[in-house]
Amino acid sequence: ARTYCDPNGGPWKSLTWTPLVYWTQPTQRIEGGEAISHLDVYPNPSKDVFNISFTSKRVQDLRVRVLNVVGEEIVKEELQQYIGEYTKQINLEDNAKGIYFLEIETNDGIINKKLVLQ
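In our numbering, each number is its position in the sequence shown, counted from 1, plus 579.
Below, the structure is given as structure tokens:
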């Protein structure tokens with residue numbers, strides 16, 4: 580944001596400035612997302628437990644992680660040569676309320692989903 584002061588130290592406005600623009604990030608980022616399908620996370624937001632499910636369409640190595648907003652690993656699971664349905668409950672009740680990120684790394688890329696712990 581830009582700001583200038585008028586000669587008296589108060590805020591100065593210009594008719595040529597554009598207003599601030601706000602946007603939100605999508606809750607899911609998919610790169611190479613064809614490696615898995617039917618990704619579901621519920622309930623989201625949650626007070627404690629998140630249910631995670633997806634299907635791996637082919638044999639591949641997967642890494643499933645939950646990260647906090649500063650990138651620290653809260654949960655990590657390595658799946659070697661995995662194919663088929665995956666389901667897991669992740670309990671975050673002992674963690675601070677806020678935003679977390681589910682990250683699923685496949686052979687083709689990374690899938691991210693935002694988790695909201697209330």
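Yeah, the Cβ is synthetic: ideal placement off N, Cα and C, and Gly gets one too.
* To do: Could you check how far apart the C-beta atoms of Val628 and Tyr679 are, in whole angstroms? I think they sit under 8 Å.
  => No, Val628 and Tyr679 are not in contact; Cβ-Cβ is about 13 Å, not under 8 Å.
* Which residue's Cα is closest to the Cα of Ile633: Asn691, Gln697 and Val648? -> Ile is not the amino acid found at residue 633; the sequence shown has Phe there. When Asn691, Gln697 and Val648 are compared, the shortest CA-CA separation from Phe633 is found for Asn691.
* Asked: Along the chain, where does the beta strand (DSSP E) that runs through Asn643 open and close?
  -> It should be pointed out that residue 643 corresponds to Val in this sequence rather than to Asn. Following the DSSP letters along the chain, one finds Val643 inside the beta strand (DSSP E) bounded by residues Val628 to Asn647.
* Asked: Which first and last residues belong to the beta strand (DSSP E) in which Thr666 is found?
  -> Start and end: Glu652 to Asn670.
* Asked: Who are the near neighbours of Gly611 in its chain, counting only those whose CB is closer than 7 Å to its CB and skipping five residues on each side?
  -> Below a pLDDT of 50, predicted positions are generally treated as unreliable, and Gly611, at 49, falls in that range; the measurement from the model is reported next regardless. Counting only residues of its own chain and dropping the five nearest sequence neighbours on each side, Gly611 has a CB closer than 7 Å to the CB of Thr685, Asp687 and Gly688.
* Asked: Apart from the five residues just before and just after Ser616, which ones in its own chain have a Cβ nearer than 8 Å to its Cβ?
  -> Cβ contact annotation for Ser616 (same chain, cutoff 8 Å, sequence separation greater than five): Phe633, Thr634 and Lys636, in chain order.
* To do: Using alpha carbons as the reference points, say which of Gln660, Ser625 and Ala675 lies closest to Val649.
  => If we check each option's Cα against that of Val649, Ala675 comes out closest.
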